[in-house]
Structures are given as structure tokens and as C-alpha cells.
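In what follows, a structure is listed as C-alpha cells, so that the remarks can point back to it.
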Amino acid sequence: MAAAINDFSLQVATVNGSGSQSANTVLLRTLFQMGVPVSGKNLFPSNIAGLPTWYSIRASRDGWVARKREIDLLVAMNPETAREDVAGLAPGTPVIFDEALGLQSTRGDLQWYPVPFDTLVAPVAPEAKLRKLLRNMVYVGTLARLLDLEWPEVERAIGRVFKGKAKAVALNVAAARAGHEHAAAFERRPPFGASRLDATGGLILVDGNTAAAHGAVFGGVTVLAWYPITPSSSLAEALIDSLEAHRRDPAGQPSYAVVQAEDELAALGMVLGAGWAGARAMTATSGPGISLMGELAGLGYYAEVPAVIWDVQRVGPSTGLPTRTQQGDVLSTAFLSHGDTAHPLLLPGSVEECFTFGHEAFDLAERLQTPVFVLSDLDLGMNQWMARPFQYPARPMDRGKVLSAEALEKQGSFARYRDVDGDGIGWRTLPGTVHPRAAYFTRGTGHDDQAGYSEKPDVYRQNLERLTRKLDGARTLLPAPVRSGAAGARVGLLAYGSSDPAVQESRAQLASERGLATDYLRVRAWPFAPEVAEFVASHQRTYVVEQNRDGQLAGLLKLDLDPAAAARLRPLARTDGLPLDARSVSEAILSQEERHP
Amino acid sequence: MSTQAPTAPAGVRQNRLGLLSADYKGGKTTLCAGCGHNAISERILEAYFDLGIPPEQVAKFSGIGCSSKTPAYFMSRSHAFNGVHGRMPSLATGALVANRTLHGIGVSGDGDSASIGVGQLVHLVRRNVPLVYVVENNGVYGLTKGQFSATADPGSTLKGGTVAELPAIDLCALAIQLGASYVGRSFSGDKKQLSALLRGAIAHGGTALLDVLSPCVTFNDHEGSTKSFAWVKEHDEPLHELSFVPAFEDISVDYDPGTTREVTLHDGSRLRLHKLGSEHDPHDRSGAMVRLLAAQAAGEVLTGLLFVDPAAPSLPERLGLPEAPLATLPPEAVRPPPEVLEAINAALR
């Protein structure tokens, strides 16, 4: 059998806290530096050290970056899970494993590559405590030999990962070399390999949380209030690092404030206080934090205070699977809080969009004077993705309708919630505006257009109607959906967020394997743009692919569409905590399409 | 804006900005006649008027409850944010970090601060957010018609005879233990003491917690209540007699260091503590705790300046914030130039 070049997925099964992350990043970077499209996904437990963890790396000459369901090659390092890891493999799968585990006896139909990790690592590291960390670098070397990775790129990647720290680099290179030399004795090569391509030139490799953080820095964020929660903590931490590096003046004075709050309620309270005072303020959280923010989110909506809330979604309900991915907060976030509350949602589908929405969310929040929720997820936020370099914001910041003392003096008076422009958005003044008529009383209680307390039925109703007008106007302000595929296909696919790579790959599978042509609309915001209804109306069936149980975005669509269009929707929701793979999408679509010959 | 001070009719008092007390007025109160909260609102607006702080530079914050309605009843020329129950501290923290030039005042109640919002109060105090934090403490939930709050003293009764059984939360003791930098207790009926403590709080640079006993005339002013006017009047034990000398009054009056202690506050204003009985050192955190516990055991209401640390760094100071408000920094100060993004991209290649 000829070796498949640049088209394989390998899975590393190890124990968390053992330094495997560095080894896996070296593998990922080596392939990337060889010009081979890659993606890396960390499937980790909610634990600091000692529990099983898996890392999957996919190389794809065609550029597919979704998780591949099949495992083409396994590195079995974890004695606790090794037998189970091996049991699920397809016949013939190559397995690199710790010789001491004696796995060969479990199955006769696999391709075994025993590596005596302890023996190899002992001469490299005299200190026992380093050996545990360096063992993982040994499999990097072994894989480099078996997969034909270019050795200079391996060394360069080690230099990158250990940031050029000479001693660490030398030790890790030595460990990798030990694995590399050991593998020279293997007679059989796996039916996979890598070879230099030119498909990653100019690209960057980054996770969505870091991208979002840089986006916020270029969006002029001035206040970050946050509470640690997986998988959003690394967004806040990356933001703190980026602010520290890029947002101090020559004298060292910061143009920002960071407050680690006591909980998510306080985090959103601080963001609303800061937004009210005129700052570009944000927080980052995940589902449980979103739940806690409910009451304050309603205050932000009703008092009309700009705020940016990143929800890096994880698996619920409750504590759920806190280190796994899901698109489970769509409905709860859209209507977060009691009463008739609704919030604009932004749905980034790539790390590039994490960056773009990272700054655009502030423009939208200030323009619309309302909390804007950006729904990322663990897969997008914490895993490494290839991307085009971040683009500098094309437009100046939009600070929205803020009335200065001079403008107020000119017009004589103002009413905070009066719809003077017909878009449902009033003018606001900032506290500290030096004008005797600048002040208004912000409240979560019923209010008239001058912000005065009111329980009058008409005043209440008219205020709510204005808020509806405001959110309706957002349909054309928010990021428009992205359409691809030939018009005229009978079948439409609709998806969002981190489902995009799997859906794109699935479309290629459907077309090449079954001759099924599809159109694809990737939704990037709610309330939906007018194109969404047009898309659904122009296809016999539209599959709504999403990573949750209940078809949450499909639910939002049903609320929005007329009944005839809604009947064309085919919710295709699935969730098991793993990032979506193309094969599962294709199978689910085909099983329904078979009923429509 | 005109730089010339407006002229007022004879007999109408102006402050040093040339503003009239009417410029500090609020809306009409909707609280019960005789409510202690109204007196506190009066003291608050007087203090800002007398200190000559422009109302536009003041930001008012509150949560939910009778007390939290009061920012509508003083200083209508100041922006106000009436938030949700127990979360006023976080709103104030965000706003005062976004614009450190604002004079923040928060008005809360014992339900808002000692029960639902006790967590936010705790962390506000720890951060030393520059906020005057007035708790209008009457031991009951007024707006929901008279249930006990967590500051009700054990043994105190409701109108219907229900007896409070759990220990009361002493917000002053709590704040002192948390490292608060300005802690005072007063009584809505003690105009002189409350005025001095409020002015000191405004002059202070960090969180100034004032626990002000403010009897609820409707639900908690009966015999058997330890938060009634009569009870508080009878059991009030002032630590000292207080007077306030603002920074702009550059006068030095001789005082007897044997009987009077002077505390210089953040902005240069001074609080004078005239001895009554045994001397209280307001810089002694543990001493203040001892006095509070002793008073509690004796059934006394200890009032006055319990503790102050004028040098404690405030949150904006700890964050090293610029003097100019973050909220209105120009775009070039908050959006790095393209070459910074190019460097970020290069590092990710």
C-alpha cells in the first residue's frame, strides 16, 4: 500500500500535567512549518494532573481542519487508558507505545512500535523529575522518523515552544533525538507520511481566545472585569498579556484597567458600570457565568448600557463537561434575563473572526447601547487553528450616540430615551459631562423617555416597542451571513461558529462521494439578517447543523421565519463534547436525504 | 460656561462655586413622612454643596430598597445608576475605574448590603474603591413590608411580635476586619455628627463606609425594636465629638492635643475628634474592634469615626490609572498602530 502523504490524523493519549502539551505543540508546529495544513485539538479532563488526556493532530493536504473521526495513528503513553485506546482502533493502525505496557498481546491486527521511553530518556536527563516531562519529547522524535518530518523543522519548533531558553531547548532536542534514533531500527513504516508543501505560507497559528484578546486590544477596550472559568480564562489572560504589552504609554501608564471580580455577577456589574460611564468594557465567561449574569444582563438591556460579553461555551447543563465543547448557550444567551429581554449575538466561525468581532463588538455595543454577547466555544477558543494574519480594523471606532456638553448646550435639552432619529436609539450623556442638564437617572424600573420613573401602561409599552425597533435595526448592522455554493441546489446547509470546518468538509464529501450539491449559509449573528429567511425560502430543505441537543439556533429560526419557511428546516443537532467532525455531518444528512430520492 | 459667579438674591446662600443649594436639590421624596432616610439625603446634598463639589462631578449609585430610591431625591444634576438588588458595589466599581475623576456615592440599605449584597460589599471594601458608601440601616425590609434584615439585633421584635434570633451582622466590624480604610457609624437624627462623617467620607480617597441608623417609622419604630428612634437615641454612645475642616479653608485653629485629635484626610481636609470619655484612636484597627464588641455586649450603639487609614491606596491608584478618565481617552491612546499588529502576526507565524 502506498503511503498517504499529508493526510492523516494522529492521536496522543497521555496523562495531563505530564508536559505532553509542549510535545504536541512541537509536532503541530513542525507540520505547519513544513507547509502542511494542520489542526490540533486538545481533549483534556477537568483536572490539573494525573487524569487521561488526548491530543489529536490532523494533517490535511486539502486543508481540512475539522476533527477527523478516525484515528490513523495512535501514541499510547497512558497506562490507565492504553488498553481501551487500542481496543477502538481500526485493523492495521500503527501504534507507538511505551514498551513497558506490553500492549502487543492485546491485538494481533495492529502495527506495533514499542519505544522504551524510560531507557531512552535516562541518559538525556540526569534529574529524575525532568524525565517525566521529557518522555513525551521522545515520541516526537519517533514520529519524526516514522512520518518523515524534517528534522531541522523539529528543532526549530522546539526552539519556538521553549522560547529559545537554551537549556530547555537542548534537553528537549536531545530527548527527541533519542526517539528519532530509536525509530531508525523499525523496519516497517506506517502507511502515512509528511512531505513539504506550500500551503501554510503567510498563515499564523493561534487559538481563538488569543485572537479575541488581540481583537479587543485593537478595539480600544479600557475595562476588563472577569472571573476565572474554563474555557474562557485564557481569553482574559491573553487579554491581560496583550494589554500589558501594547497598551501602556511611553511612561508606562496603562490605558486600561483590569479587575478580577469576585464572581460573574460582579464582573458584569463592573462592565455595566464602566460602560455606563463611557468606557469600552468587556468580560469573558462560560455557561455557568452566563447563568449568574442573568439579572444584570436584563438591567443592561433595559437601561441600555453598552457591554461586551464573551461566552466561550462549554458543555452543560450545570457543571456538565467543563473542558469539552458545545454550542449550548445560544437560546439562554439570546434571551438572558426575565421579561421580554433579547440580546444581539455574534457568532464567530474562525479565529480570524474572533479577532474581528473582538473589536467590532464594541462598535456594535456602543452603537446599539446594549450588551452584545459573542458566542465562541472551547474548540474555537482553546485549540490551535491556522488563519490568515489579523487585519487592522478598517474603520475608526464608532462610539455611538454620545451627547457632549457643547452639543447639549446647542440643542437646549435632551431626553435619554427619546427616539429622535427613528432607529430606536436615544442619545446618552456620560457622567461627568459639565452641563447642568446633562444628568439623567439610570434605572432598571419602568421609565419614560426622560428616564423618569413611570408605571404608566402606555409609557411602558411604547418603551418596549422602541427596544424592539432598536434590535430589529441591528439585523443589518450585525455581521452578515456568509453564503457559499452554487445557487440552485435543492439542499441548503446552515451552520455557525466552530461547526464551519466540519460543514465545509462535509459538503465536499457529499458532492464527491454522493454527487449531492449543497448551498451553505454560515450565520454570524442574531437577530438574523434578511438573507437568512431568503436562503431558507430558496431551498427545499435546509439542514441546521449545530453542536447541542435541542437545535437551539433552529429554534431561533423558527421564531423568526413564517410557518411555510420554518417547515423547510431540518434541525441537525448533535453533541457529545467532542468537536464536530465532517463524517458525522455527512452521515446524518444522507440518512435524511435517502428519504428524498 | 461662564466664569463669573452668578449673583444670588440677598440672603440666599451660595457655595464657593457660586451655586445655590437649589442646584443640589433632587426630586420629591416618595418615602414615608418622618423616614430617617430623608434626613440623610438632606445631609448628603448639604455636604456636597458646602464642599463646593460640582454636582456634575458626582455619580450616585444604589441597589434596591427604600434607601436605594433616595438618590432620586437629592442632586438631580448628578448622573445616577440605580441597579439591581445587592449589586450596586460592582456598578460603582466599574464606573469609578472608567472615570476616576467622578465623586462616587452609593446609598444602600441593610437588606441590600448585609444580605443579598454582602459579597459585593466585602469585595468593594477590599479593593478600596473610592466611594462614599452609606448604609441606611433600619433592621427591616421596608419595601416588602417589614421582614427582618440581617442587621436586626437578636431579641429585637417585629410589630407582630416575631423575635429576631440570629446574630446581627455588624457592618462596621465586618468592614474593619476586611481592611476598610474609613469606617463610621452614625444616626440619621444626629445632624452634626453625620455631617462631619459624610464630609470626611467625601474627602477620603478610598471606600468610606458609613453605617447610619435610620429608623423605619412604618415597620420598626415600636417598643421592643432596637432600631427605633427612641432606642437609638437612648443607647447612642458617641466616641467623640466631630468637626470637619475642609481643605480649602486654610485656617489653623489651635486645639488642645490633650482633648482633641486631628486626622488629615486624602484631600488635605481635616477631621477633628474631640474627646468624650476615654479616648479612641481611629488608626487602631484592633482597638476599634474591641470597642465595637464591648458596645455590642453592653447594648450600646457606638457612633463616630471608628477607623480611618487616609494613606491606604485606592483601586485606581493600585491600578496605576492615568488621571484622565479611561472612558474618554482619545482613539490613538486606545488603538495601537498597525505596526503593533504586524509584530503580533509575525510572532504567530
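Those sequence lines, one after another, are chains A and B. Just so you know, we're using the numbering used here here: the first sequence kicks off at 1 and counts up by one. Just so you know, we're using the numbering used here here: the second sequence kicks off at 1 and counts up by one. Virtual Cβ for every residue (Gly too), placed ideally from N, Cα, C.
For B:R87, go through chain A and note every residue whose CB falls closer than 7 angstroms to its CB, in chain order.
Within the second sequence, numbered from 1, the residue matching residue 87 of chain B stands at position 87. Under the 7 angstroms cutoff, chain A gives L265, G269 and L296.
Please identify the residue among A:Y55, A:G320 and A:A257 whose C-alpha is closest to the C-alpha of A:P288.
Locating residue 288 of chain A in the first sequence gives position 288, where the first residue counts as 1. Taking only the C-alpha atoms, the option nearest A:P288 is A:G320.
What alpha helix (DSSP H) runs, 4 residues minimum, are completely inside the region 246 to 331 of chain B?
285 to 298 and 315 to 318, all fully within the region 246 to 331 of chain B.
In the region 69 to 93 of chain B, which residues sit with their C-beta less than 7 angstroms from some C-beta in chain A, listed in chain order?
So the list reads A72, S76, R77, S78, H79, A80, F81, N82, G83, V84, R87, S90, L91, A92 and T93, given in the order they occur along the chain.
Give the residues of chain B in contact with A:M293, contact being defined as C-beta atoms less than 8 angstroms apart.
Locating residue 293 of chain A in the first sequence gives position 293, counting from the first residue. Per Cβ cutoff of 8 angstroms: no residues; A:M293 is ~11 angstroms from chain B at best.
What's the gap between the Cα of A:A607 and the Cα of A:F44?
The structure shown does not extend to residue 607 of chain A, since chain A is modelled only from 1 through 597, so no value can be given for it.
In chain A, which residues lie with their C-beta within 8 angstroms of the C-beta of B:N423?
In the structure as shown, chain B starts at 1 and stops at 349, and residue 423 of chain B therefore has no counterpart that could be examined.
Hey, out of A:I309, A:G492 and A:R188, whose CA is closest to A:L212's CA?
By 1-based counting over the first sequence, the position of residue 212 of chain A is 212. Note that residue 212 of chain A is Ala in the sequence shown, not Leu. Minimum Cα distance to A:A212 is reached at A:I309.
For the region 251 to 260 of chain A and the region 62 to 78 of chain B, state whether three or more C-beta atom pairs, one from each stretch, are separated by less than 8 angstroms.
Output reads no: the region 62 to 78 of chain B does not touch the region 251 to 260 of chain A.
B:I82: buried (16+ other C-beta within 10 angstroms of its C-beta) or exposed?
One-based indexing of the second sequence puts residue 82 of chain B at position 82. Residue identity differs from the one stated: residue 82 of chain B is Asn in this sequence, not Ile. Buried, since its Cβ has 16 or more Cβ neighbours within 10 Å.
Give a yes or no on whether 8 angstroms exceeds the smallest Cβ distance from A:M282 to chain B.
The residue labelled residue 282 of chain A in the question sits at position 282 within the first sequence. No - not a single Cβ of chain B is within 8 angstroms of the one on A:M282.
Taking B:S108 as the reference, give the member of B:L143, B:G160 and B:H274 with the closest Cα.
Indexing the second sequence from 1 puts residue 108 of chain B at position 108. Per the Cα distances, B:L143.
Pull out every residue of the region 96 to 124 of chain B whose Cβ sits closer than 8 angstroms to any Cβ of chain A, in chain order.
Per Cβ criterion, the list reads L96, V97, A98, N99, T101, L102, G119, Q120, V122 and H123.
Taking the continuous alpha helix (DSSP H) assigned at A:H182, which residues delimit it?
As a first step, residue 182 of chain A must be located in the first sequence, where it is residue number 182. A166 to A183 is the extent of the alpha helix (DSSP H) around A:H182.
Would you say A:M34 faces chain B, with C-beta separation under 8 angstroms as the test?
On the first sequence, position 34 is the one that residue 34 of chain A refers to. Answer no: the Cβ-Cβ gap between A:M34 and chain B never drops below 8 angstroms.
Using Cβ-Cβ distances below 9 angstroms, what residues of the region 297 to 329 of chain B are close to chain A?
So the list reads L315, P316, L319, G320, L321, P322, P325, L326, A327, T328 and L329, given in the order they occur along the chain.
Would you report the Cα separation of A:T93 and A:V173, rounded to the nearest angstrom?
What you label residue 93 of chain A is simply residue 93 of the first sequence in a count that begins at 1. What you label residue 173 of chain A is simply residue 173 of the first sequence in a count that begins at 1. The alpha-carbon atoms of A:T93 and A:V173 are separated by roughly 27 angstroms.
Tell me the residue span of the beta strand (DSSP E) that contains B:I105.
As a working mapping, residue 105 of chain B is identified with position 105 in the second sequence. It spans H103 to G109 - the beta strand (DSSP E) in which B:I105 sits, taken as one unbroken run.
Across the region 164 to 180 of chain B and the region 301 to 309 of chain B, are there enough close Cβ pairs to call them in contact, namely three or more that are closer than 8 angstroms?
Short answer: they touch.
Put A:E127 into one of helix, strand or coil per three-state DSSP.
Taking the first sequence and counting its residues from 1, the one referred to as residue 127 of chain A is at position 127. Coil at A:E127, not helix or strand.
Closest Cβ-Cβ distance between A:Y440 and chain B: below 8 angstroms?
Position 440 of the first sequence, counted from the first residue, corresponds to residue 440 of chain A. Yes, A:Y440 lies at the interface with chain B (some Cβ there is under 8 angstroms from its Cβ).
List, in order along the chain, the chain A residues whose C-beta lies closer than 7 angstroms to that of B:L341?
Start at 1 with the first residue of the second sequence, and residue 341 of chain B comes out as number 341. Going along chain A in sequence order, the residues near B:L341 (Cβ under 7 angstroms) are F218, F390 and Y392.
Quick one: residues in its chain with C-beta nearer than 7 angstroms to the C-beta of A:L561, no 5 flanking neighbours on either side, listed in chain order?
Residue numbering aside, residue 561 of chain A sits at position 561 when the first sequence is read from its first letter. If we look at A:L561 and ignore the five residues flanking it on each side, its Cβ neighbours are A533 and V536.
Do the region 390 to 407 of chain A and the region 357 to 368 of chain A meet, that is, are 3 or more Cβ pairs less than 8 angstroms apart?
A contact exists between the region 390 to 407 of chain A and the region 357 to 368 of chain A.
Between which residues of its own chain and A:T333 is the CB-CB distance below 7 angstroms, once the five residues before and five after are set aside?
In the first sequence, the residue the question calls residue 333 of chain A occupies position 333. Around A:T333: I290, D311, H343, L345, F373 and L375.
Quick check: what's the CA-CA separation for B:A343 versus B:L242?
For this step, residue 343 of chain B is matched to residue 343 along the second sequence. For this step, residue 242 of chain B is matched to residue 242 along the second sequence. Approximately 59 angstroms between the Cα atoms of the pair.
By the criterion of Cβ-Cβ separation under 8 angstroms, what are the contact partners of B:A333 in chain A?
By one-based count along the second sequence, residue 333 of chain B stands at place 333. The answer, in chain order, is D249 and S255.
Given that A:E262 touches chain B, what residues does it touch there, using C-beta distances under 9 angstroms?
Position 262 of the first sequence, counting from 1, holds the residue named residue 262 of chain A. Result: S90, G119, Q120, V122, H123 and R126.
For B:H204, count neighbouring C-beta atoms within 10 Å of its own C-beta (all shown protein chains included) and say buried if the count is 16 or more, exposed if not.
The residue you call residue 204 of chain B lines up with position 204 of the second sequence. Under this definition B:H204 is a buried residue.
Using a Cβ-Cβ cutoff of 9 angstroms, what residues of the region 411 to 439 of chain A are near chain B? List them in chain order.
Answer in chain order: T429, L430, P431, G432, T433, V434, H435, P436, R437, A438 and A439.
Considering only the beta carbon of each residue, do A:K163 and A:P579 sit closer than 8 angstroms?
By 1-based counting over the first sequence, the position of residue 163 of chain A is 163. By 1-based counting over the first sequence, the position of residue 579 of chain A is 579. It is not a contact, given that the beta carbons lie outside the stated cut-off.
Is the Cβ-Cβ distance between A:G381 and A:A216 less than 8 angstroms?
Mapped onto the first sequence, residue 381 of chain A falls at position 381. Mapped onto the first sequence, residue 216 of chain A falls at position 216. No, these two residues do not count as a Cβ contact at 8 angstroms.
Give me the chain B residues within the contact set of A:R443, using Cβ-Cβ distance strictly less than 7 angstroms, ordered along the chain.
By one-based count along the first sequence, residue 443 of chain A stands at place 443. Per Cβ cutoff of 7 angstroms: N82.
Look at B:L131 and B:A92 and say whether their C-beta atoms are less than 8 angstroms apart.
Within the second sequence, numbered from 1, the residue matching residue 131 of chain B stands at position 131. Within the second sequence, numbered from 1, the residue matching residue 92 of chain B stands at position 92. Contact flag set, yes.
Could one say the Cβ of B:Q147 lies closer than 8 angstroms to chain A's Cβ atoms, at least one of them?
Counting from 1 along the second sequence, the entry for residue 147 of chain B is found at position 147. Not closer than 8 angstroms to any Cβ of chain A, the Cβ of B:Q147 fails to qualify, so no.
Using 8 angstroms as the threshold, is the C-beta distance between A:A3 and A:R189 below it?
Within the first sequence, residue 3 of chain A is the residue found at index 3, counting from 1. Within the first sequence, residue 189 of chain A is the residue found at index 189, counting from 1. Result yes, Cβ atoms of A:A3 and A:R189 sit closer than 8 angstroms.
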